Every structure is written in C-alpha cells, then in structure tokens.
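Everything on this sheet refers to the single structure shown next.
There are 2 protein chains.
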Amino acid sequence: MTKARAGVLSTPHGKIQTPFFMPVGTQGTVKTLSPEDLLAIGTQIILANTYHLYLRPGDGIIREAGGLHRFTGWSLPILTDSGGFQVFSLAELRKITNEGVKFQSHLDGSYHLFTPEIVVDIQRNLGTDIMMVLDECASYPCSYEDALKANNRTLHWAERSLIRYRETEPPHGKNQALFGIVQGSTYEPLRRVSAERLIELELDGYAIGGLAVGEPKSVMSEMTAFCTDLLPADKPRYLMGVGKPEDIVEAVSLGVDMFDCVIPTRNGRNGTVFTWQGRLVVKNRQYERDFSPISEGCSCYTCRHFSRAYLRHLFHAEEILGLRLASIHNLYFYIELIRKARQAILNESFDTWRKTFYHQYHIENNHS
Amino acid sequence: MTKARAGVLSTPHGKIQTPFFMPVGTQGTVKTLSPEDLLAIGTQIILANTYHLYLRPGDGIIREAGGLHRFTGWSLPILTDSGGFQVFSLAELRKITNEGVKFQSHLDGSYHLFTPEIVVDIQRNLGTDIMMVLDECASYPCSYEDALKANNRTLHWAERSLIRYRETEPPHGKNQALFGIVQGSTYEPLRRVSAERLIELELDGYAIGGLAVGEPKSVMSEMTAFCTDLLPADKPRYLMGVGKPEDIVEAVSLGVDMFDCVIPTRNGRNGTVFTWQGRLVVKNRQYERDFSPISEGCSCYTCRHFSRAYLRHLFHAEEILGLRLASIHNLYFYIELIRKARQAILNESFDTWRKTFYHQYHIENNHS
C-alpha cells in the first residue's frame, strides 16, 4: 500500500504542486541556467544556499537589493537551507558549541559564527519563502552517543530558531515559512524523539536530514519510512539532498513531498544525461554520428532542437552551451519524473506507474 | 559626404537587412549562447569557422547531419570564413605553396592540406549561405614584395575557388554564395589590382581582408575607403574582423555592409560590457551595490532582469550565467548600434547620428 501523496503548497511567491523537485541554485543561480530557462523547464521553486550567499555577495547586499528574488530575477518561490550542512562539509576549522558553530570561510579563511538566531536573520535578509533551521548533521556512520548529542543540540537550536523567527518580521513584506529538520542518524529512538519534539513546535514543515550521506539504500528507505510515519499529514515533508531518479520515486512512495539534489545539474555538466532507460554519457564516441535527440519523445528545449552528436561536439570543443543544454535536459527529466509520479498518484495508479518506471529504467549500483 | 548605405541581402535562409553584424560562432556555437538567445537578441546571421569545424567535429559529420544549420539548430543564414586566417594565426608548422597550405592542427598536431578546392568542398559540406575563398592574409607590417606575392597567390586561388564552385552543387539543396577577399596589405596599387581582378570574376560579394591586424586606425580607414570606392555598388561589402563600436560606425560611413568580430562576446566573458557612454568593467568593486542595469533603457534580456551588482556577483562567484548575460548584452548592443545606424541612413541623418554617437561614446585608445 503506497503512502504517496499529491497536494499543493502555497507560498507568497506562488503555489507549488507536490511532490516537487527543487533545482539547486547554490550561489543565487542554478548553474549555467537563467530564470527564463528554469521557467521553460517547468521549475516551480529553486533552492539556494544560506552559507554561500552569506559569504558572497553577503546577505546585506541582497537585503539592499530587495531580497533574493529581486537580486536574482527569479520570481517564483525559493527555499534556503540553513547552511549547517555546508559548514560541516565545506568550511575549515569549525568549532561547534551549544551557542553555535564557528568556522573559517572556504573562500578566504575569514572567521564566522553561525548561531540559530544569526541563520534566521540571514534568511530574513534573503527574504526566501521557506527558511530552514540550523541543524547539526551527524556523519555516517555515527555512534549512538554522538548522534544523541547532535540530536539534542539540533532540537535546542530549533527552539531558539523559532523564538527568533517569532521575534522578527520579514523585511521584504512577504511571509516566510520556517521548517524544522528531523535528525537522529540511523537510530529510530533518536528519530522518534526528534520528530516528536519538532512536531510540538508546530513548525511550517519538516525535513528529514542526515540521510544520503553514505548509508545503504535500505537504511535510507527505512529511516525515511519511519519518519514519514511520525510526521503530521497536513505539513510538507522534505527529504534533503535526495537524489537519483530511483531514490526519488522510492521516497515519493514513502510519502515525501519535496526534493533537492545537485545530480541533474552536476551530471549534466559532466556530459551525463538521463533517459527513461537510464543514464548515458553523451560525450562518448558512440554518439559521434548519432543525430537523434538525447531522449526520443522528450519535449525539452535540448531534445526539440539538438542531437546527441551536436551535444558530444559541444562537450569535446569545451563549449559552455553543452553544459547548459545537458542541464536543461536533466532538470526537465527530473521535473517530468515527479510530474508523472504526481499524475499517477491522482489517477490512483502510482504503484503500477512505479513498477513500470523501475522496469524500464536501468539502475546503476554506483553513480554519483 | 557619407558613403553609408542600407539595403537587403537575400539568402536561402532569409533576408538580412544591411548593414549588419555577425556574432562569431567559431565551433558551431556563439560562445555561451543558444540559437534561442541569438534570435531574442535580433541576430540575423552568424559566422562560423571552416578551419575549426573541419578539424572538429569534421565536415563529414556535419554533412551527414544535413549541414551546419541542422547540426547546430540555427535556422537563419550562416557565413563561413575560408580558414585561411586561422591557418596563419593558429596552426603550427604551416608551409604555403601555390598549391595550397599544409599545416598541423592546433588540437592534435595532425597534418592537413587546405587548397582553394578543398576549402570550397568543406564549405559545401557545411552548406553555409555564404562561403569565402581561401586567401593568404599578409601580416602587418609587410614588405611590398611579400604583399605582392601574397596578393598574386590570393588572386590565383580565387580563380581556382570559382572553378571548383561552378563544378559543384550544394549538397543540401540550398544555393550557396561565394565571396572573394580583397588583399594587398597597405599598398593601394595592390589593393586596386586585387579588387579589379576579383570584380572581373563576378563573385557574389567582396570582403576587405588583411585589416585590423595591427595597423593604425587611419590606415585601416584609408584602405577601407579606397576599397569601397573600387567595389561595385550592387554587391555586398564585408570588412573582416572589425571591430570596436567606433570602428564599425566609421566603416559604415565608408560604405561597408557586413561585420564580424569576437569583441562583444570575448569582452562579455571577461566581464566588460558596452554602454552608449563607453565600456565598463562590471566585475569592479564600484558595482557591488549598484542595482541599476548595465545600460539604462536597454531592452536586452540582461538589462530587463538583472543589475550590475548581480552581474558582478556572478563573475566573482565564477558562475557561467554571468558570461552569458554579459554576452547577450554586448551582442544586443552591437546589433542595436547597427540597427540605429541603418535607421539613420534611411532617415538621411546618418552624419548627425554618427556625430552624436561619437560625442557620447568614450573611445579608449587601447582596448581589445
């Protein structure tokens, strides 16, 4: 019996049909693409990174510009992560205390402090539709003791985030939502405590964090299912940083509504593109004289106008257009994948659709 | 008294209003831009390079694809240069004889031969609307003896090109024009011989080659004026590789119809953008909090949606979108410049318009 669900999430910058995929626009731009490209693909919402924008150009400049929407020319909803994950994965010499996390910028080595309050303030300046609380993402594998400590800190930080959120007004006049992040590594008791405590805080939505960090697929599925069983039915659920097409289909079946991942854009820039039969490396020799589109029947700009042979040429000639055309196709594929999943949910045929998808789609064991 | 003129050039892929500017699409793509971007800018025709496309992906593949238009998704006219200039500027170990020029690929060191006949054959495979004859471009400065030798060879090659052109059919079904190139370095007697001999051949149009290769501005103007006085009024005139906005305005006043240059796209990728007051380096610190568009009142996609501050951010964050937005603006500026010149010609107010342009536009002595 599927837990897949379809709905609508309302934000000040528009309604979003759930489930949905968010292209990643780390530095205030989805790499290689313009807002016009993203709209043509059918993008409903993008994700931007608090950590990166805070460091460069600085949230002060973005606030002066009138917020991130005005600054970047993107008029539909934006979600910002809290920067927690980036501090732990990118920054140097970080020192974590209950107060917050001190870190050195990966850009110039300068020292900075993120507290739950500061991270809310930064996202207020950005004016994004959905803000995330600062969390501590435990690495994998992680001992129960370390996971417990990180979990308690994350819950403490969520409470402080909410207090700051309630004390402050959106500077750009449009309401901003605040989402919590369920942590607890691979330990069900910790996941339960995390979810239950966050639910008591009555946040606007709930993310499932700390997954897709190296654990086996089965663990990711189990933890996701465990969390979606606990989370309230009337709030959006967001599985952070996931993932491959097959992972997204799986998570939709477990009742997840929201996704973000760099895979479609990063793979695109590497010359790897998605089809309903699986991935293909369009740079490869075998496509030198292949004048068919990446994916037969695909309606994206790339497939309507260009062949595999031309894409291959652009990659070999190191032409930037190749990176963009592959990114357009891959994001279109992801958005179309979720759109099809949603349609199947509405038609009450999701399980059949999912089986057909898995049947056609060649799943590789190891790809990034 | 101005010699500026406005007209229409008909090709199998559409009519082009003259004078016009051709964005440079060396490898079968105008760097960072899609065909859709180019159409939105108002591009009427693009230029592609025979030398580059012959080496990669190879004119055989492009012929199989149905020609360069089909291969690249660009449906308006394309002009291809002959590759002569690239052989002399990029290739290694070239050896020139009356037969043709032997050279080593700048990509992999492989050996190749370009003859006038081979270069026509390659351009037939590409199926471009306007083909150029193989020429020998004398460097600057050049002795009279060397210039004479190069000139005689270029004329000999033009005759052979025309013979091959007449012997062959366009493989993609659409007529292809053949243009000659007036050489002769800075020597008026040689320029005269070159022009007169090429005119006898009754080619479809005439380029002025061997300028913008380091000679003083005054010499470029004098040579251009000398050539346009000799060339027939009923054939298009093309000043190859020119140039800066002020050079184009000058050449239009001398009766030139066609231009190509990498400046708008190359400068754009370096973060330098054009305004009616002159160039500005949008990467500079002074634009950090400048939320105005590159050029007030400009209708290009970039200026309608993005600020100098955002462009600066994209360049500093090394985001590809910055390269593209600056290229879009600069090409729009060039095409708008020539469109305004054309309108002034039609209004019989070109001299006034030109004076106003020079009055507003800050001309730098040394920029590339």
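Protein chains in written order, with the working numbering: chain A, 1 to 368; chain B, 1 to 368.
Every residue, glycine too, gets a C-beta built ideally from N, C-alpha and C.
The structure presented is a predicted model; accordingly, all values stated were derived computationally and were not measured.
- Restricting attention to A:GLU246, A:ALA158 and A:LEU201, the CA atom closest to the CA of SER218 (chain A) is found in A:GLU246.
- Legend: CB atoms of the region 42-61 of chain B lying less than 7 angstroms from CB atoms of chain A belong to residues ARG56, PRO57 and ILE61.
- For PRO35 (chain B), the chain A residues whose Cβ falls inside 8 angstroms of its Cβ are HIS305, in order along the chain.
- By the 16-neighbour rule on beta-carbons within 10 angstroms, GLY209 (chain A) is buried.
- A contact between stretches requires three or more CB pairs, one per stretch, nearer than 8 angstroms, and the region 60-76 of chain A fails this requirement with the region 100-116 of chain A.
- Membership of SER10 (chain B) in the beta strand (DSSP E) is indicated by the continuous run 7-11.
- Residue pairing by DSSP places LEU113 (chain A) opposite A:LYS102 in a beta bridge.
- A distance of 8 angstroms or more separates the beta carbons of PHE114 (chain A) and GLY127 (chain A).
- VAL182 (chain B) sits in a strand when the DSSP states are folded into three classes.
- The DSSP-derived three-state label of LEU280 (chain A) is strand.
- In this structure, DSSP gives MET240 (chain B) a state outside helix and strand, which the three-state scheme calls coil.
- Looking from the CA of GLN286 (chain B), the closest CA among B:HIS313, B:ILE263, B:THR275 and B:THR265 belongs to B:HIS313.
- Interface flag for ALA317 (chain B) against chain A is set, since a Cβ pair is found closer than 8 angstroms.
- Interface residue (Cβ-Cβ distance to chain A less than 8 angstroms): TYR332 (chain B) is not classified as such.
- Remark: C-beta atoms of PHE259 (chain B) and PHE21 (chain B) approach each other more closely than 8 angstroms.
- When the alpha-carbon of PHE179 (chain B) is set against those of B:ALA195, B:GLU169, B:GLU188 and B:SER139, the nearest one is in B:ALA195.
- The continuous stretches of beta strand (DSSP E) do not include LYS355 (chain A), which lies in the alpha helix (DSSP H) extending over residues 350-360.
- Closer than 8 angstroms to the CB of TYR238 (chain A) there is not a single CB belonging to chain B.
- Taking the Cα positions, LEU321 (chain B) is about 29 angstroms away from GLY58 (chain B).
- Of all alpha-carbon atoms in A:ASN49, A:VAL8, A:SER161 and A:THR11, the one lying nearest the alpha-carbon of PRO23 (chain A) is that of A:ASN49.
- Comparing alpha-carbon positions, the option among B:ARG192, B:SER185 and B:TYR206 lying closest to GLY214 (chain B) turns out to be B:SER185.
- In summary, LYS95 (chain A) is exposed, with fewer than 16 beta-carbon neighbours lying within 10 Å of its beta-carbon over all protein chains present.
- Sequence-distant Cβ neighbours of ALA344 (chain B) in its own chain, meaning closer than 7 angstroms and more than five residues away, are PHE350 and TRP353.
- Closest in C-alpha terms to ALA225 (chain A), from the list A:LEU203, A:LEU155 and A:GLU188, comes A:GLU188.
- Along the region 69-91 of chain B, going in chain order, the ones with a CB nearer than 7 angstroms to a CB of chain A are PHE71, THR72 and GLY73.
- Following the DSSP letters along the chain, one finds GLN86 (chain B) inside the alpha helix (DSSP H) bounded by residues 84-89.
- With respect to the 8 angstroms criterion, ALA91 (chain B) and MET131 (chain B) are not classified as neighbours on the basis of their beta carbons.
- The alpha-carbon of ALA150 (chain A) is positioned some 43 angstroms away from that of HIS305 (chain B).
- Rounded to the nearest whole angstrom, the C-alpha separation of GLU145 (chain B) and GLY271 (chain A) is 51 angstroms.
- It is roughly 32 angstroms from the alpha-carbon of ARG197 (chain A) to the alpha-carbon of ARG63 (chain A).
- Judged by DSSP in its simplified three-state form, ILE363 (chain A) adopts coil rather than helix or strand.
- Excluding residues up to 5 positions away in sequence, SER307, ARG308 and ALA309 lie with their Cβ nearer than 7 angstroms to the Cβ of ASP290 (chain A) in the same chain.
- Beta-bridge partners assigned by DSSP to LYS15 (chain B): B:SER10.
- Using a CB distance cut-off of 8 angstroms, HIS156 (chain A) does not count as an interface residue toward chain B.
- By the rule that beta-carbons nearer than 8 angstroms mark a contact, GLY28 (chain B) touches chain A.
- Separation of the CB atoms of ARG56 (chain B) and ALA326 (chain A) is rounded to 18 angstroms, and the pair is thereby denied contact status at 8 angstroms.
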